[in-house]
Amino acid sequence: MRFYAGAVMRKDPTWTADQALEASRPQVRREPTLGSLEGIDTPTPAPRRRPWRRSPPASIRRWAWRAAAVVGVLLLAVLVFRQPIADWIWPETRAQALQSAAARALASNRLTAADGSGARELYEAALAIDPDRGEALTGLANVASAALVASVAALRRNDFETAHGHLRLARELSVPAAHADAVADALRRREAAHAGIDQLMARAEAAHLAGRLDGDPQAALPLYRRVLELQPERADALRGREDALTELLDSARAALREGDLDVAARRIALARKYDPGHVDLPDSQARLTEETEALRRRADRDLKWGRLPEATRAYRSLLALSATDEAAVRGLLAVAGAHAARAQRFAADFRFGEAQAELEAARALAPDAAEVRDATRRLARARQSSARLSPGVSSRDRDQRVRSLLADAAAAEARGDLLAPPGESAFDKVRAARALAPDSRAVREAAARLLGAANACFERELRGNSLGRARACLDARSALSDDDAGIAAARRRLAERWLAVGNERLGADELQAAAAALAQARALDRSTPGLAEFDQRMRAATASND
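Its first residue numbered 1, the sequence shown is counted upward by one per residue in UniProt numbering.
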């Protein structure tokens with residue numbers, strides 16, 4: 001047992017100083033030993049000290065601080081730029097952001113807005129980017145329901161204009177018809193109680209007698225319609241509307257007899273707006289259709305026989321009847337193409353004045369048409385070729401000049417210079433040779449060989465999805481070929497490919513690239529299937545992005 005001096009002295013004060021000193025000395029432990037070592041006192045060994053740890057070198061410490069700083073900068077960048085990075089890695093987050101904004105707009109009862117910030121417009125923008133997004137479809141259904149509720153609330157306040165607006169929105173978003181009809185019926189009854197129908201009817205009859213059938217809200221037909229909206233079964237309003245429409249259709253048939261199809265069409269359309277089931281409407285429409293088809297046949301016949309001014313007037317009359325007449329639009333484009341083809345033929349013969357006149361006529365009809373651009377390029381190249389030709393080439397030197405041009409054309413073709421650079425391309429050399437010797441067999445063979453190379457180039461680049469190069473090869477093909485149908489088919493194929501690229505870019509929310517692809521497709525063929533629908537999706541996506 002060990003004892004400590006302080007403790008013993010406190011317990012037994014009779015100890016002496018010597019005893020205390022003895023007790024304070026280092027104690028020894030007797031260890032049992034064998035042999036001669038038995039009984040010898042052995043001091044207890046002192047505890048072993050742990051060695052000091054070295055500090056890491058200064059270079060390692062500096063690298064550690066630098067690594068920590070880099071990690072901190074990266075974390076800060078992620079925090080600041082997390083949304084752009086997310087949009088780059090996951091393009092669908094753009095559609096999700098639009099959907100979230102739409103949900104907030106719906107929660108604040110901002111159902112629609114002309115600036116695109118309404119719930120309806122935002123949900124539709126999300127659908128334009130991702131047409132398969134089910135949550136956006138559900139959101140539009142919720143907007144429809146909210147619009148119907150808002151219409152009922154406005155009705156109770158006698159705010160009829162607002163009630164009609166909300167009801168119209170609900171119908172546009174396909175709210176159940178039974179619910180919408182019930183609200184419309186209640187709205188009609190409430191309005192009728194406030195409108196003063198007898199006074200409306202008196203004003204309608206007075207306007208009818210004065211011959212003011214339409215043109216302002218106080219004319220006969222608008223007033224009859226207002227009365228019938230409030231009281232659909234009112235007999236005197238039904239009779240008055242019937243008589244007014246009969247007079248209107250009589251005047252339309254008179255305009256048809258005078259050959260004024262535009263006036264007749266407007267009056268027939270007006271009658272259809274007020275009463276699609278009027279008894280005289282089918283006969284009037286049939287007569288208008290007969291006259292329209294006769295005009296269309298005349299326009300097509302004039303185009304076929306090259307009477308381009310007459311064809312232009314007829315197609316424009318058809319478009320005056322209906323601005324969405326696709327056949328008439330195609331007819332005017334065909335007229336523009338015919339003018340452009342004439343310009344190219346005149347340019348090939350170096351008849352620049354006539355070529356320029358035909359080109360201007362084509363531009364007036366379709367300034368952005370591919371055929372017009374082709375004719376413009378060919379006219380410019382013809383002028384360059386003419387400038388390069390010696391004005392005093394004699395008959396003796398002509399054959400040698402033609403052979404030289406064809407050799408240059410073959411060399412340019414071997415280099416792949418079908419259309420460029422201007423004046424040095426294979427096409428320009430062949431054109432110059434044709435201007436000197438249009439009936440030369442060698443010149444015709446060179447043109448045919450160049451056309452084959454252009455066709456092969458187009459198919460090769462289209463298969464490789466190199467759409468810009470394919471367009472250049474198509475330009476060469478259209479400059480060399482008279483096969484208008486084949487060129488049109490090739491343009492349609494290339495436009496469809498550009499449209500596919502645009503759909504892909506829009507789905508990735510790359511609006512600028514999608515717009516560029518749309519412009520390429522429209523420039524190639526405005527009648528490409530799906531072009532109008534894609535244009536609408538682009539407009540919706542662009543409006544939401546603004």
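Idealized CB from N, CA, C, for every residue including glycine.
By a beta-carbon distance limit of 8 angstroms, L288 does not contact L318. Their separation comes to about 12 angstroms. If you draw a straight line from the Cα of A146 to the Cα of R203, it is about 38 angstroms long.
Within a 10 Å sphere around the beta-carbon of V501 sit 16 or more other beta-carbons, which makes this residue buried. Taking a 10 Å sphere around the C-beta of Q99, we find 16 or more other C-beta atoms and assign the residue as buried. In chain order, A144 place their CB closer than 7 angstroms to the CB of S174, counting only its own chain and leaving out the 5 sequence neighbours on each side.
Within the region 173-222, the alpha helix (DSSP H) runs of at least 4 residues that lie entirely inside it are, in chain order, 177-195, 197-209.
Here G139 is actually not in contact with L167; their C-beta atoms are around 20 angstroms apart, not less than 8 angstroms. Residue environment analysis places E358 among the buried positions, since at least 16 neighbouring C-beta atoms fall within 10 angstroms of its C-beta. Under the DSSP assignment, S108 falls outside any alpha helix (DSSP H); it carries neither an H nor an E label. Secondary structure in the region 237-318: the alpha helix (DSSP H) runs of 4 residues or longer, each lying completely within the stretch, are 261-274, 281-304 in chain order. In the same chain as A541, and ignoring 5 residues on each side of it, the C-beta atoms closer than 7 angstroms to its own belong to A125, A128, I129, L506, L511, in chain order. A Cβ-Cβ distance of about 28 angstroms is found for the pair T93 and L169, leaving them out of contact under the 8 angstroms criterion.
Going by C-alpha positions, Y123 is about 39 angstroms away from L332. When secondary structure is reduced to three states using DSSP, S527 falls in the coil class, being assigned neither helix nor strand. Within the same chain, and ignoring the five residues on either side of Q218 in sequence, the residues whose Cβ sits closer than 7 angstroms to its Cβ are R203, A207. Secondary structure at S151: helix, using DSSP grouped into helix, strand and coil. In chain order, V227, L230, Q231, R234 place their CB closer than 8 angstroms to the CB of I197, counting only its own chain and leaving out the 5 sequence neighbours on each side. Approximately 10 angstroms separates the beta-carbon atoms of L451 and S478; this is outside 8 angstroms, ruling out the contact. Cα atoms of D535 and D509: separation of roughly 15 angstroms, rounded to the nearest angstrom.
Exclusion of the five residues before and after R363 leaves V372 as the residues of its chain whose Cβ lies within less than 7 angstroms of its Cβ. Counting the other CB atoms within 10 Å of its CB gives T324 a total below 16, which places it among the exposed residues. Secondary structure note for D428: its alpha helix (DSSP H) is the uninterrupted segment 426-436.
Between the alpha carbons of V263 and E290 lies a distance of about 15 angstroms. Around the CB of W498, 16 or more other CB atoms lie within 10 Å, so the residue is classed as buried. In the structure shown, the three-state DSSP call for N158 is coil. Judged by DSSP in its simplified three-state form, L228 adopts helix. 9 angstroms or more divides the Cβ of E496 from the Cβ of G468. Counting C-beta atoms within 10 angstroms of its own C-beta, G337 has 16 or more neighbours from the protein chains shown and is therefore classed as buried. For E510, the three-state secondary structure derived from DSSP is coil. Contact annotation: R378 and R431 have beta-carbon atoms nearer than 9 angstroms. With three or more CB-CB distances shorter than 8 angstroms, the region 439-448 counts as touching the region 405-413. In terms of Cβ geometry, A476 and L419 form a close pair [threshold 9 angstroms]. According to the DSSP assignment, L122 belongs to the alpha helix (DSSP H) that extends over 119-129.
DSSP places R133 outside both helix and strand once states are collapsed to three, so it counts as coil. When the beta-carbon positions are compared, L221 and L238 stay at least 9 angstroms from each other.
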